[in-house]
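Count along the sequence shown starting at 1, add 10, and that's the number in my numbering.
The beta-carbon is built from N, C-alpha and C at its ideal position, and this holds for glycine as well.
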Amino acid sequence: MKLKTENVVIGLTDPKSPSNVGAVMRAAGCYQANEVRYTGVRYAKAAKFHTDTKDASRKIPLNAVESLIDNLTPEQRIVCVDLVEGAIALPEFEHPENALYIFGPEDGTIAQEVINSAYAVVYVPTIGCMNLAASVNVLLYDRLAKSKHMLAGDDLIKSSRDTNNTVKVPVN
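Below is the structure:
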């Protein structure tokens, strides 16, 4: 059930928490992202604490990179996601087909030089900040909800749910 019409890459700026990276990998699998990239050394030091419970990293590359914005394809658009003054509220944002979504670290923000090179900067309009994995999930859900390629229906439910779940809505 993989849609290959779009290219979605998640970029994490020096993530510190292996549990958040594991949850990001799970989100990447659920929402069919093509790759997750990260900078910095904090995650690599803590990666032994495996938290990717759906083993998304077997299907989706998780790559350490020096820079999130180097070696992009010409059609790829950088979209920074963080609480940055002047950013666009996520509900108002139209997602590009080929996107590299860059998220700031749990205890910092995205570098100004990366913000300066962005196609767009968006934020999730919450009171207070969400954690990294929650932000990735919300962004990817928003992209899915606005997509013309969204899959839906009982076949998707059957292929996605846990094997212990056989519940159905009663027919009236």
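**Prompt:** When we look at the beta-carbon of G32 and count the other beta-carbons within 10 Å, is it buried (16 or more) or exposed?
**Reply:** Within the sequence shown, the letter at position 22 stands for residue 32. Buried: at least 16 other Cβ atoms inside 10 Å.
**Prompt:** Between S77 and I120, what straight-line distance do the alpha-carbon atoms span, to the nearest angstrom?
**Reply:** If you number the sequence shown from 1, residue 77 lands on position 67. If you number the sequence shown from 1, residue 120 lands on position 110. Rounded to the nearest angstrom, the two C-alpha atoms are 12 Å apart.
**Request:** Would you tell me roughly how many angstroms separate the C-alpha atoms of I20 and Y129, rounded to the nearest one?
**Result:** Numbered from 1 along the sequence shown, position 10 holds the residue referred to as residue 20. Numbered from 1 along the sequence shown, position 119 holds the residue referred to as residue 129. Cα to Cα, the separation comes out at about 15 Å.
**Request:** Identify, in the order they occur along the chain, each residue of the same chain with its Cβ nearer than 7 Å to the Cβ of C90, setting aside the five sequence neighbours on each side.
**Result:** Translated into the one-based positions of the sequence shown, residue 90 becomes position 80. Around C90: I112, I120, V124, I125, A128, V131.
**Beta-carbon proximity check, L110 vs I88, cutoff 8 Å** = Stepping through the sequence shown from its first residue, residue 110 is reached at position 100. Stepping through the sequence shown from its first residue, residue 88 is reached at position 78. Yes; because the gap between Cβ atoms is below 8 Å, this pair is in contact.
**Message:** Give me, in chain order, the residues of the same chain whose beta-carbon lies closer than 6 Å to that of F103; leave out the 5 immediate sequence neighbours on both sides.
**Reply:** Taking the sequence shown and counting its residues from 1, the one referred to as residue 103 is at position 93. Only V132 meet the Cβ criterion.
**Request:** Could you check if V179 is buried or exposed, using at least 16 other CB atoms within 10 Å of its CB as the buried criterion?
**Result:** For the purposes of this step, residue 179 is taken as residue 169 along the sequence shown, with counting starting at 1. The residue in question, V179, is exposed, as its Cβ has fewer than 16 Cβ neighbours within 10 Å.
**Same chain, Cβ closer than 7 Å to C139, five either side skipped, listed in chain order** = The residue given as residue 139 occupies position 129 in the sequence shown. Cβ within range, chain order: L93.
**Prompt:** Between which two residues does the beta strand (DSSP E) containing L149 stretch?
**Reply:** The residue given as residue 149 occupies position 139 in the sequence shown. No beta strand (DSSP E) contains L149, which is instead part of the alpha helix (DSSP H) from 142-156.
**A130, DSSP secondary structure in three states** = The count along the sequence shown starts at 1 and reaches residue 130 at position 120. DSSP places A130 in strand when its eight states are reduced to three.
**Asked** Would the beta-carbon of L142 fall within 8 Å of that of V75?
**Response** Here the question's residue 142 lines up with position 132 in the sequence shown. Here the question's residue 75 lines up with position 65 in the sequence shown. No; because the gap between Cβ atoms is not below 8 Å, this pair is not in contact.
**Asked** So what does I20 bridge to, in DSSP terms?
**Response** Here residue 20 refers to the residue found at position 10 when the sequence shown is read from its first residue. Looking at the DSSP assignment, I20 forms a beta bridge with V46, Y111.
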